[in-house]
Each structure stands twice: as structure tokens, then as C-alpha cells.
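> Residue numbers (this note's numbering): 972 to 1156.
(1) Do residue 1112 and residue 1063 count as a contact pair if the criterion is CB distance below 7 angstroms?
(2) Counting Cβ pairs, one atom from each stretch, are 3 or more of them under 8 angstroms apart for the region 1001 to 1016 and the region 1029 to 1047?
(3) Nearest by alpha-carbon distance to residue 1039: which of 1009, 988, 1069 and 1067 is it?
(4) Would you kindly work out how many angstroms separate the C-alpha atoms of residue 1156 and residue 981, rounded to a whole number?
(5) Just the C-alpha distance for residue 1041 and residue 1016, rounded to the nearest angstrom, thanks.
(6) Indicate the three-state DSSP secondary structure (helix, strand or coil) for residue 1109 in the structure shown.
(7) Got a sec? Which residues, its chain only, sit under 8 angstroms from residue 1104 by beta carbon, not counting five neighbours each side?
(8) Cα-Cα, which of 1047, 1058 and 1019 is closest to residue 979?
(9) What ranges does the alpha helix (DSSP H) occupy inside the region 1112 to 1140, keeping only unbroken runs of at least 4 residues that lie completely in it?
(10) Roughly how many angstroms lie between the CA atoms of residue 1122 and residue 993, to the nearest whole one?
(11) Which word fits residue 1010, buried or exposed, when buried means at least 16 other C-beta atoms lie within 10 angstroms of its C-beta?
(12) List, from N- to C-terminal side, the alpha helix (DSSP H) runs of 4 residues or more that fit wholly inside the region 1017 to 1088.
(13) So which of 1147, 1153 and 1154 has the shortest CA-CA distance to residue 977?
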């Protein structure tokens, strides 16, 4: 039975050059062997079905090669939707005071940080605070201390020296509601 996966691209805003359009993005995944590829919102997230995690990784790599030939060359994080659903079901923000929070965010690490690399509880400015760090995903709270909110993506990339991509936590929740195991088929 096929599993659902989500590919979270870095720096992909549909239709804004050099990013592909929705149809080009979905076609790259279909040509790579993805079943039912579907772009979610405009932020570079694609949900698709594959037979296994290894198959999903091959599909992502092949789709990225196609997109690269078309002028878009950015990394992506791959996660299984059932795993994201389990994380959401665990209610990781329960008991977290959200009154002054600009946005809770999920940051997906792309690649493997160097041995011994770790994240402190907050960035130096204090506008990004770690809630949890598990399986290559940072759940954080961002705060607006001046004119702009903290950037968990910059925090992760600078601290761990690997690319990453961030989504507002509610985007991940919405993705799971639409495409997760409990969603209507």
C-alpha cells in the first residue's frame, strides 16, 4: 500500500522565478514516478505517494534533477505524512505559553549536521526559542522583538551549517488535515 510523503523545498515560491510553476513542479514529480503529486499552497511543498521511504527519496532526487535542468536548484526535506500526523497528535505545543509568540514554526533540516553540532535553547537575539528538536525537525517559537520576527531557518542553518526550510506550524497541521491518514480519500 502506498505511503504519503511531503517534500518541503527551500526557497520555492511557486511562479516566482527561478521557481517553477505549480504544473511544472507537479509534472516533475509525476515524471519521477510519484503517484498523485499535489502541490500544497504556494510555498514549495509537494505531497505524493510512493511505495516506500527509499522510493520516495529516489522520486525526490529525480524530480530535483528535472527542476535543476529547468533552472531551479534548491534542496528539499522529505518527511512521511503519517509521521507528521503522529507528531501533531502528540500535541507538542500543549502547555506552551503562546501569548507573545509571533508564530510557532517547524524547521526541517536538509542533510546531516556535523558530529557534535547542537542547537542552544534560543538564538543569540532571543527571537527564536526551541520547543523541541527531534528527527531533523525543529519546533520553535518566533518572537517579533523589533520590526521583524525571528528566523528559525537562519538560526538552524548558521548553527548546524546545513540547509533547512521552515513552515509555520499551522501549515504543517493543515497539510496533515488535508493529506494525512485521517483525511478523506
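Ideal Cβ positions, reconstructed from N, Cα and C, are used throughout, including at glycine.
In brief:
(1) no
(2) yes
(3) 988
(4) Low per-residue confidence applies at residue 1156: pLDDT is 49, beneath 50, and the placement is therefore not dependable enough to give any value.
(5) 18 angstroms
(6) strand
(7) 1090 and 1110
(8) 1047
(9) 1123 to 1131
(10) 26 angstroms
(11) buried
(12) 1024 to 1040 and 1052 to 1060
(13) 1147
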